[in-house]
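If you count by our numbering, then the sequence shown holds residues 12 to 428, one letter each, in order.
We treat Cβ as the ideally placed atom computed from N, Cα and C, and that holds for glycine.
This structure is a prediction, so every number in the text was calculated from the model and none was measured.
Here is the structure we will look at.
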Amino acid sequence: MTNYSSIYSEMESEVRSYCRKFPGEFSKARNSELFTKDDTRYIDFFNMAGSLNYGHNNPYIKRAIMDYLSEDTVINAMDLYTEAKAAFFETMEKQILQPRNLNYKVMCCGPTGTNAVEAALKLARKNKRRTNIFAFSGAFHGMSLGSLAMTTDQTSREGGGIPLNNVTFVPYENNQVDSIAYIRHILEDDHSGIDFPAAIFVETTQAEGGVNVASVEWLKELRAICDEYDILLVVDDIQVGVGRTGYFFSFERAGIVPDMVILSKSISGFGMPMALLLMKPELDIFRPAEHNGTFRGNQLSFVGAKAGIEYYNDHCMGEEVQRKAKIVEEYLKNEIILLDARLSYRGIGMIWGIDFMKLGAENAIVCSHECFEHGLIIELAGRHDSVLKLMPALTIEDSILLEGLNIIKDSLISILK
Ligand SMILES: Cc1ncc(COP(=O)(O)O)c(C=O)c1O
C-alpha cells in the first residue's frame, strides 16, 4: 500500500472520512481505474459517491473543457449571462427536457447538492405557505441544516447541534408497512397531530439508505397522493439521476412528473461542482437574489454538463446501463448470493447492493476492507453500514466490471471461510 505522508493526520480535520476507508494517496484516474502516486491500481466501484457517471477523465468531456480553457474565457461568472451557460441551457432543453416532454425552469444553485435541496425546501414552503415536509426513513438529502432535517442517519443528525425540525418521516416502501396507506391515513385524519406538508421529498432509489429501489406502483401512488392533496412532489435525483438507473432521470421508469427535481453530482459531467433545481414554471416564485450564492456560475461545469449530455445521447447511455445491469444482476445471482443464504441483493441500472444484515453488518465492513486490499474501492450504505454498494461509472469496460465483481467474490469467500 502507498506510504502516504502524515501531513493529512497533522493538518486535516478529524471530520475527514473516505480517506480513512481508502487510505491511498491518489494521483491519476482513467474511467474506472484510480492510480496512487506509486502506481498502485484500484478499480473504482465508488465513483466518488456517484459524481463521475461518465468515468474519470472522460476524453470527450475533457476535450470540451480544455478547449474552453485554452482561451481567456470567463470561469466564475456568478449568475451573469454567458455563452457557456446559454449553450448548456439549450442542450438541456433540446436534448433532455423536450424529448421527455418535461417543462421545467432551471435554477442554478450553489455548487453542492445540499444547496439545491435547501433551495427546493425554501421554494416548496414559499409556494404552499406550509412549513412541514414529509421525507422517508432511510433518506439522505445532505448536511446543511434544512437538508439534514430530512436526512436520517443518526451520526449526521447529531452533527447538526440543534433540533432538526419541520420534517415528518414516513416509512419508505418496505415489506412491513404499507407506507402509502399510512401517508393517506395521516393526511385524512384531522387528529393525526401531523402538520400538513408543503412537499414530499423522495429518492426513487435510496442510495445512502442501502440501495432501496422503490417500485413503479409505489412512485405512481406517491404522485397520485400529491395531486389529490395539493402537495408538491420533489425528487432528489442527486445520486441516482444522470443515467444511474438506466434513465437520464430516475423517475422516468415510473412515468411520473415531479413538481421539482434536484440534480447535482454527475450533472457537470466531469466531477466538478454543480447543482440544479428544476421546477415547474408556475413554482418559480423566488424574488431575485432570494437564494443567492457566489458559486452558481462555474463555467467549466456548464461546459462539462453540456458535453456530458451530448456524450449521454451519442453513446445511448440509457440502453448501455440497462445492458450492464444484466451483467451485474446475473453475477450477483449466480456467483455471490449462492455463497451464503444469508446474503441478498437488490438494485437497478448501475447501482446495486449486497445486503449483509442477516450475516452481520460487521461482515460488510470487513468485506469492503478486504476488497480495498485487493484493489477495489467500494463503499457501504444502509443501516449499520450493512450494504456493500456497487456503483461503478456507467462507462466502465465490461472486463473491468467483471474484474471488480470477481474481487468482491474472492473477498467474500475469504470472509466466509
Ligand atoms: C440523494 C442525495 N441528496 C443530497 C446529497 C447531498 O449532496 P452534496 O454532498 O453534494 O451536498 C447527496 C450526497 O450524497 C445525495 O446522495
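Check                                                                                                                                                                              : Outcome
Within its chain, find whatever has a CB closer than 8 Å to the CB of L391; leave out the 5 residues flanking it on each side and keep chain order.                                : A375, I376, S379, S397, V398, L399, K400
Got a sec? Which residues, its chain only, sit under 6 Å from M283 by beta carbon, not counting five neighbours each side?                                                         : L311, S312, G315
Between the alpha carbons of K428 and L350, how many angstroms are there, rounded?                                                                                                 : 11 Å
Might you give, ordered along the chain, the residues of its own chain that have their beta carbon closer than 7 Å to the beta carbon of L230, omitting 5 neighbours on each side? : T215, F262, A265, I267
For N309, which residues in the same chain have their Cβ closer than 7 Å to its Cβ, ignoring the five residues on either side in sequence?                                         : N87, P122, M283, P284, M285
To the nearest whole angstrom, what separates the beta carbons of L387 and I419, a pair I think is in contact under 8 Å?                                                           : 7 Å
Does the Cβ of H152 lie closer than 7 Å to at least one heavy atom of ligand 1?                                                                                                    : yes
For K29, does the count of other Cβ atoms within 10 angstroms reach 16, so buried, or fall short, so exposed?                                                                      : Checking the sequence shown, residue 29 turns out to be Tyr, not Lys. Flag for Y29 reads exposed.
Taking three-plus beta-carbon pairs below 8 Å as touching, is the region 252-262 in contact with the region 208-222?                                                               : yes
Could you check where the alpha helix (DSSP H) with E239 kicks off and where it finishes?                                                                                          : 227-240
Exposed or buried, what is D247 when buried is set at 16 or more other beta-carbons lying within 10 Å of its beta-carbon?                                                          : buried
Helix, strand or coil for E414, going by three-state DSSP, please let me know.                                                                                                     : helix
Beta carbon of T162, beta carbon of F151: below 8 Å?                                                                                                                               : yes
Can you give me the Cβ contacts of E228 inside the same chain, cut-off strictly under 8 Å, excluding the 5 residues immediately before and after it?                               : none
Using 7 Å as the cut-off, classify the Cβ of A218 as near or not near the heavy atoms of ligand 1, replying yes or no.                                                             : yes
What's the C-alpha gap between L45 and G364?                                                                                                                                       : 22 Å
For a quick check, are the C-beta atoms of I72 and A336 less than 8 Å apart?                                                                                                       : no
Please classify A130 as buried or exposed, where buried requires at least 16 neighbouring CB atoms within 10 angstroms.                                                            : buried
Would you mind sorting V26 into buried or exposed? The rule is 16 or more other CB atoms within 10 Å of its CB.                                                                    : exposed
Give me the Cα-Cα distance between E384 and G415, rounded to the nearest whole angstrom.                                                                                           : 12 Å
Okay, do the region 187-204 and the region 235-244 touch, 3+ Cβ pairs below 8 Å being the bar?                                                                                     : yes
Could you check whether L233 and A205 sit closer than 8 Å to each other, using their CB atoms as the reference points?                                                             : The question names Ala, but residue 205 in the sequence shown is Ile. Against a cut-off of 8 Å, the Cβ pair of L233 and I205 comes out as no contact.
In whole angstroms, give me the CA-to-CA distance for K184 and L134.                                                                                                               : For the sequence presented, residue 184 should be read as Glu rather than Lys. Computed Cα separation, rounded: 26 Å.
Does the distance from the C-beta atom of P182 to that of S148 stay below 8 Å?                                                                                                     : yes
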